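The end of the sequence shown is residue 159 by the numbering used here, with every number in the run present. Even for Gly, the Cβ is constructed at its ideal location relative to N, Cα and C. Nothing here was measured: the structure is a model prediction, and the numbers come from that model. Input: a single structure, listed below in structure tokens.
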Amino acid sequence: MLKNFKFKFILMLFFFFTIIKPSYPNNFEEVSACAGVVMADGALELSKKKNVENFEVAFEIAIKAFYGEGLSQKKSGKDVANAEKIMMSSFENILNLDGSDEAYNEIIRCYRMTSYKLIEKSEIIRKNSNMIYSYVSNYSKKFKKMILGQ
Numbered sequence: 010m011l012k013n014f015k016f017k018f019i020l021m022l023f024f025f026f027t028i029i030k031p032s033y034p035n036n037f038e039e040v041s042a043c044a045g046v047v048m049a050d051g052a053l054e055l056s057k058k059k060n061v062e063n064f065e066v067a068f069e070i071a072i073k074a075f076y077g078e079g080l081s082q083k084k085s086g087k088d089v090a091n092a093e094k095i096m097m098s099s100f101e102n103i104l105n106l107d108g109s110d111e112a113y114n115e116i117i118r119c120y121r122m123t124s125y126k127l128i129e130k131s132e133i134i135r136k137n138s139n140m141i142y143s144y145v146s147n148y149s150k151k152f153k154k155m156i157l158g159q
């Protein structure tokens, strides 16, 4: 009986992960918006709780998802500039909605989507890891100083 249950469970997981994939957009703008939301959540952790580690992890997740999607297809400079504006607009929007149910739901949705993008675009992220790490390192320091008012 237990072996039969394990077999059915494994079969169900296989079915779920191979046939029924989570549906997340491949739209660069949507990924950019969620990257801004995740960054804002990290910024709130830093400003309210002085939690540097959560800020750094959120920032890294956001930037890797942004670049993973952005580097997956050729983008024009205009597309990248537009995506960066969207990211910063979402960042500001979450800061303004802090503590609301709307912000909470959007943060959860965006963590799910960016986490999925990290998995989906892992090869692209790995191939460009030096460039991405450089960006994460340089800009997380700048954001940290700005948030903490230093």
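Separation of residue j from residue i, as counted between CA atoms
{"i": "E39", "j": "I117", "result": "15 Å"}
{"i": "V89", "j": "G79", "result": "8 Å"}
{"i": "G77", "j": "K58", "result": "29 Å"}
{"i": "G108", "j": "E101", "result": "14 Å"}
{"i": "Y113", "j": "M96", "result": "17 Å"}
{"i": "Y144", "j": "M122", "result": "21 Å"}
{"i": "E115", "j": "Q159", "result": "29 Å"}
{"i": "S124", "j": "I133", "result": "14 Å"}
Per-residue burial, residue i [other beta carbons within 10 Å of its own, 16 or more giving buried]
{"i": "S32", "result": "Only weak support is given to the placement of S32: the predicted model assigns it a pLDDT of 48, under 50, and the question is left unresolved by the model."}
{"i": "Y148", "result": "exposed"}
{"i": "S99", "result": "buried"}
{"i": "K87", "result": "exposed"}
{"i": "S146", "result": "exposed"}
{"i": "D110", "result": "exposed"}
{"i": "V48", "result": "Here the sequence assigns Met to residue 48, which means Val is not the residue at that position. With 16 or more Cβ atoms within 10 Å of its Cβ, M48 is classed as buried."}
Cβ pair residue i, residue j closer than 8 Å
{"i": "L127", "j": "K84", "result": "no"}
{"i": "S56", "j": "A92", "result": "no"}
{"i": "C119", "j": "V66", "result": "no"}
CB-CB length for residue i against residue j, believed under 8 Å
{"i": "F75", "j": "F152", "result": "About 14 Å separates the two Cβ atoms, so there is no contact after all."}
{"i": "A71", "j": "A52", "result": "Not quite, the Cβ-Cβ distance comes to about 10 Å (not below 8 Å), so this is no contact."}
{"i": "S81", "j": "K130", "result": "6 Å"}
Proximity to residue i [Cα-Cα], best of the options
{"i": "K154", "options": "V61, D50, Y120, V66", "result": "V61"}
{"i": "L157", "options": "E54, F37, R135", "result": "E54"}
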